[in-house]
Amino acid sequence: MELSPVRWDPIGAARTLKGRVGRALRRLHDRARLAVPTENALLGDLGGLYGTFDEFLAASRRDGATPLFVCDLPRDAAASYFAKRHPERRARVIARAGTICAHRFDLLGSGPRDLGPRLPWHADFKSGRVWPERAYFEDLRARIEGDFGTGSDVKMPWELSRFQHLPVLGQALWFTSDRRYYEEFRAQVADWIARNRPGLGVNWACTMDVAIRAVNWIWAYGFFRPEILDDRPFASTFLRSLYVHGRFIAANLENGAGITSNHYFADLVGLLFLGTLFRGAPEADSWRGLAVSEIVRENERQTYPDGVDYEASTSYHRLMTEMALTSLILLERSGFRVPALRDRVRAMAEYAAHYIKPDGRAPQIGDNDDGRLQILGDYGGDRGDHRHLLAVAGCALDDDLLFTLAGDGWEEAFWFFGDACARRLERRGSAARVSVTGRHFRHAGSVVLRHDDLYMFFDAGPVGLKGLGTHAHNDTLSVEIQAGGADLIVDPGTGVYTPDLRLRDRLRSTASHNTVRLDGEEINPLPPRPFELPGTDRPAVIRFVSRAGFDLAEALHRGYTRLTDPVVHRRIVLLNKKTRRFLIEDRLEGQGAHRVEWFFHLAPGCAPIDRGDGAPARFSSAGPAFRLEPVSLPEGACGFLEEGVFSAGYGRVERALVLRFEWNGRLPAMGRFAIVPEEGAAAHAGEGG
Numbered sequence: 040m041e042l043s044p045v046r047w048d049p050i051g052a053a054r055t056l057k058g059r060v061g062r063a064l065r066r067l068h069d070r071a072r073l074a075v076p077t078e079n080a081l082l083g084d085l086g087g088l089y090g091t092f093d094e095f096l097a098a099s100r101r102d103g104a105t106p107l108f109v110c111d112l113p114r115d116a117a118a119s120y121f122a123k124r125h126p127e128r129r130a131r132v133i134a135r136a137g138t139i140c141a142h143r144f145d146l147l148g149s150g151p152r153d154l155g156p157r158l159p160w161h162a163d164f165k166s167g168r169v170w171p172e173r174a175y176f177e178d179l180r181a182r183i184e185g186d187f188g189t190g191s192d193v194k195m196p197w198e199l200s201r202f203q204h205l206p207v208l209g210q211a212l213w214f215t216s217d218r219r220y221y222e223e224f225r226a227q228v229a230d231w232i233a234r235n236r237p238g239l240g241v242n243w244a245c246t247m248d249v250a251i252r253a254v255n256w257i258w259a260y261g262f263f264r265p266e267i268l269d270d271r272p273f274a275s276t277f278l279r280s281l282y283v284h285g286r287f288i289a290a291n292l293e294n295g296a297g298i299t300s301n302h303y304f305a306d307l308v309g310l311l312f313l314g315t316l317f318r319g320a321p322e323a324d325s326w327r328g329l330a331v332s333e334i335v336r337e338n339e340r341q342t343y344p345d346g347v348d349y350e351a352s353t354s355y356h357r358l359m360t361e362m363a364l365t366s367l368i369l370l371e372r373s374g375f376r377v378p379a380l381r382d383r384v385r386a387m388a389e390y391a392a393h394y395i396k397p398d399g400r401a402p403q404i405g406d407n408d409d410g411r412l413q414i415l416g417d418y419g420g421d422r423g424d425h426r427h428l429l430a431v432a433g434c435a436l437d438d439d440l441l442f443t444l445a446g447d448g449w450e451e452a453f454w455f456f457g458d459a460c461a462r463r464l465e466r467r468g469s470a471a472r473v474s475v476t477g478r479h480f481r482h483a484g485s486v487v488l489r490h491d492d493l494y495m496f497f498d499a500g501p502v503g504l505k506g507l508g509t510h511a512h513n514d515t516l517s518v519e520i521q522a523g524g525a526d527l528i529v530d531p532g533t534g535v536y537t538p539d540l541r542l543r544d545r546l547r548s549t550a551s552h553n554t555v556r557l558d559g560e561e562i563n564p565l566p567p568r569p570f571e572l573p574g575t576d577r578p579a580v581i582r583f584v585s586r587a588g589f590d591l592a593e594a595l596h597r598g599y600t601r602l603t604d605p606v607v608h609r610r611i612v613l614l615n616k617k618t619r620r621f622l623i624e625d626r627l628e629g630q631g632a633h634r635v636e637w638f639f640h641l642a643p644g645c646a647p648i649d650r651g652d653g654a655p656a657r658f659s660s661a662g663p664a665f666r667l668e669p670v671s672l673p674e675g676a677c678g679f680l681e682e683g684v685f686s687a688g689y690g691r692v693e694r695a696l697v698l699r700f701e702w703n704g705r706l707p708a709m710g711r712f713a714i715v716p717e718e719g720a721a722a723h724a725g726e727g728g
């Protein structure tokens, strides 16, 4: 066998050489700029306000609690409140703090894992992949992309190094006064600092994760503040490392591509926290100044006027709402007035109030990586539950309705607001039951149809991020349906991002959503890159009507107009509140012969009842039994019950059933389906969980 000659590409070679030289020069520059400052150097960075580091620590003791960083209740008052009023929550916090001390973690679908005496900061402990500790972060970015599809997941070391478990240790210390929780916090952070020199290793490769780590270290500072300040050697190491985090974030902002996303917003939130912690230092004040101006602007840029995050994902809407809401609280407690941010945050919370299902969980629209800014309540619990947003927003915006809708999800709000949250809980005990009605969020193309325990989410929005679709799926005109407190028809979720590109594309595909596929084609063609889905479908909501007896929405998309025989898919969805029936009608407007498929992804646990020769029409669920009936289909259509997959959260995949109908014929055509929960099979669930 002969080898083909290698063609010399001088332009490509020059470009490669230029990139290597540029990284080498930046590496030399970063080595000096990102070196952890000595105590004297930090004193200079602090603007000469303190003569010695001990004076700085003493001033920090006198300064009182930094605004935001943990609620205003004294430790003994918080401990007494949970011991007397919520002993089961107190016990849960202490138990989970014990697992953290034992280095037992369950992250991103790993299941509980014992990680050993020294935590694997640089490893994906699921696959065994380890990234080098001393590699320059820019060099690692290229290596990370080269790992796509190989089974390893860089999100694992990033997730562990976000340190979102630290507030649990702080809460356990408050509840028990047991110093071992401080010692565990100290040991973990000191070990991380020793093994993650600034700019080196995988945990500096993504600025967003650097920022989220800084936020959670500062939350830990709020919980452990007296212990840290009395532990001079550790206080010096900890605070100097935090300062370097600020410098790194400021020098590596993720805003260079022209279109910004949640990454840049997280960078800004990190700078806001760090600038507030080190306020008075000229450099830190510049961080905070940038964050204040940019957070307001970016929040308006990255959300639609109706409050919906523009990345076409309910999971990322939760993350953006957490970041915007936390920023609002910190800014207002620091003396800033930001009415535009306050108004937009209210709209973001109202969207969450509508999309959150009656059982408290969110529909999985678009990507779901279980991303959070901080976790102050129910660490290790169900990350599909978004009700904490409503509790925190209810306190921050003085909105009893939002707070009431949070149901049991109030714990995070307590650690922000302390006694104010406790008083709202007392008032809520005698409040009347509240409910959420259907609504069309017209800028986002999201429609919610609901009444009591009946719920449908209808997705008729664009792919987001100005047409790039980084976190979008081919879910146009797809639905999720819940009744009786149980899911019936679901979005199968995300699975993973880059470890398994085949699974990623499968769960982004049209066939993995409760919509219609024509001729085996995608609504929007799937590119080979895992974070792109350019939108060509041009969806539009035609009408939305909400009345006492029904909610109705009609929408269409033009994704199939690129076919040789163009087709417009029009869908009408109806919730009949009196008969408790969901109706779906599809009109396929076009000409020529086509293969038409309808997909209905059943929630895990759903199983056919009284199955005959054809496709079953009656199913059991975790709640009520229900019927899924083809009321009207073209002659010759057939139904099939097939095996599919479902991912309740990132890294978790299980088997589930898919009901698929297929027809081959000439258009135009129409199909109509009814989904009917059966009465008496389960008690109706109340709003807000």
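What the sequence shown shows, in my numbering, is residues 40 to 728, in sequence order.
All C-beta atoms in this analysis are idealised placements derived from N, C-alpha and C, irrespective of residue type, glycine included.
Can you find at least 3 beta carbon pairs, one from the segment 502-516 and one from the segment 377-393, that sit closer than 8 Å? Not touching, per the Cβ criterion.
By DSSP's criteria, I520 is part of a beta bridge. Which residues make up the other side? M495, I528, per the DSSP bridge assignment.
Does the beta carbon of D408 come closer than 9 Å to any beta carbon on chain D? The chain labelled as chain D is not found in the depicted structure, where only one protein chain is given.
Go through its chain and collect everything with a Cβ distance to E693's Cβ below 8 Å, but skip five positions before and after it. Excluding five sequence positions before and after E693, the CB atoms of its chain that fall closer than 8 Å to its own CB belong to P643, V684, F685, S686, A687, given in chain order.
Does the beta-carbon of D590, which I'm using as the reference point, lie nearer than 8 Å to any heavy atom of the ligand GDP? This structure does not include the ligand GDP; it has no bound ligands of any sort.
Beta bridge counterpart(s) of A632 as assigned by DSSP: Beta bridge pairing from DSSP links A632 with R705.
Comparing C-alpha positions only, which one of P171, G209, L96, G185 sits nearest to V132? That would be G209, whose Cα lies nearest to the Cα of V132.
Considering only DSSP beta bridges, list what T342 is partnered with. D348.
Report all residues from its chain with a CB closer than 7 Å to the CB of G148; omit the five preceding and five following residues, and keep chain order. Shown here for G148: same chain residues with a beta carbon closer than 7 Å to its own, the five before and five after excluded, namely G688, Y689, G690, R691 in chain order.
Consult DSSP for R472 and reduce its assignment to one of helix, strand or coil. In the three-state scheme derived from DSSP, where H, G and I count as helix and E and B as strand, R472 is classed as coil.
Return the CA-CA distance between A52 and G295, expressed in angstroms with no decimal places. Confidence in A52 is poor, its pLDDT being 48 and thus under 50, which makes the residue's placement too unreliable to answer from.
In the DSSP assignment, the beta strand (DSSP E) including A511 goes from what residue to what residue? Counting along the chain, A511 falls outside any beta strand (DSSP E), and DSSP gives it neither H nor E.
What's the call for G83, buried or exposed, on a 16-neighbour Cβ count within 10 Å? Classification for G83: exposed.
Candidates A305, F317, D438: closest to F277 by CA position: Ranking A305, F317, D438 by Cα distance to F277 puts F317 first.
Consult DSSP for F712 and reduce its assignment to one of helix, strand or coil. F712 carries a strand assignment under DSSP once its states are collapsed to helix, strand and coil.
If we require 4 or more residues per run, which alpha helix (DSSP H) segments fall completely within the segment 144-185? Taking only runs of at least 4 residues, the alpha helix (DSSP H) segments lying wholly in the segment 144-185 are 176-185.
Whole angstroms is fine: what's the gap from I251's alpha carbon to G309's? Across the structure, I251 and G309 are spaced so that their CA atoms are roughly 6 Å apart.
The beta strand (DSSP E) with I581 in it runs from where to where? Unbroken beta strand (DSSP E) run through I581: 579-585.
Length of the line joining the Cα atoms of R286 and V241: Looking at the two C-alpha atoms, the distance is approximately 18 Å.
Can the beta-carbon of E628 be found less than 9 Å from the beta-carbon of R610? Against a cut-off of 9 Å, the Cβ pair of R610 and E628 comes out as no contact.
Nearest to H425 by alpha carbon, out of A401, D192, E519? Of all alpha-carbon atoms in A401, D192, E519, the one lying nearest the alpha-carbon of H425 is that of A401.
Residue ranges of each alpha helix (DSSP H) run of no fewer than 4 residues wholly in the segment 184-264, ordered along the chain? With a minimum length of 4 residues, the continuous alpha helix (DSSP H) runs that stay inside the segment 184-264 are 194-200, 205-215, 219-234.
Applying the criterion that 16 or more other CB atoms from any shown protein chain within 10 Å of the CB defines a buried residue, is L88 buried or exposed? L88 sits exposed, since fewer than 16 C-beta atoms from the chains shown fall within 10 Å of its C-beta.
Return the bridge partner residues of D625 from the DSSP annotation. Answer is R610, G710.
What's the call for S671, buried or exposed, on a 16-neighbour Cβ count within 10 Å? S671 counts as exposed, since fewer than 16 other C-beta atoms from the protein chains shown sit within 10 angstroms of its C-beta.
Just mark R547 as buried or exposed, buried being the case when its beta carbon has 16 or more other beta carbons within 10 Å. Under this definition R547 is a buried residue.
Using the rule of at least 16 other Cβ atoms within 10 Å of the residue's Cβ for burial, across every protein chain shown, is K733 buried or exposed? Residue coverage of the chain in this structure runs from 40 to 728, which leaves residue 733 outside it and unanswerable.
Using 9 Å as the threshold, is the C-beta distance between P501 and G574 below it? Yes, the pair counts as a contact, with Cβ atoms nearer than the cut-off.
List the endpoints of the continuous alpha helix (DSSP H) containing A80. Here the alpha helix (DSSP H) through A80 covers 78-84.
If V555 sits next to E636, beta carbons under 8 Å apart, how far is it from one beta carbon to the other, in whole angstroms? That pair is a contact at about 7 Å.
Ignore the nearest five residues each way along the sequence and tell me which others in W326's own chain have a CB closer than 7 Å to its CB. Excluding positions up to five away in sequence, the list reads G285, A289, L310, L313, G314.
Would you report the Cα separation of G524 and E371, rounded to the nearest angstrom? Cα to Cα, the separation comes out at about 37 Å.
Closer than 7 Å by C-beta to A435: which residues in its own chain qualify, once you throw out the five before and the five after it? Chain order, please. In its chain, beyond the 5 residues on either side, L364, L367, I368 have a beta carbon closer than 7 Å to the beta carbon of A435.
Determine the DSSP secondary structure at A642, reduced to helix, strand or coil. Note: A642 maps to coil in three-state DSSP.
L412 to A656 span [Cα, whole Å]: Roughly 43 Å between the two C-alpha positions.
I need the straight-line Cα distance from E681 to S551, nearest angstrom please. Near 12 Å, if we compare the C-alpha coordinates of S551 and E681.
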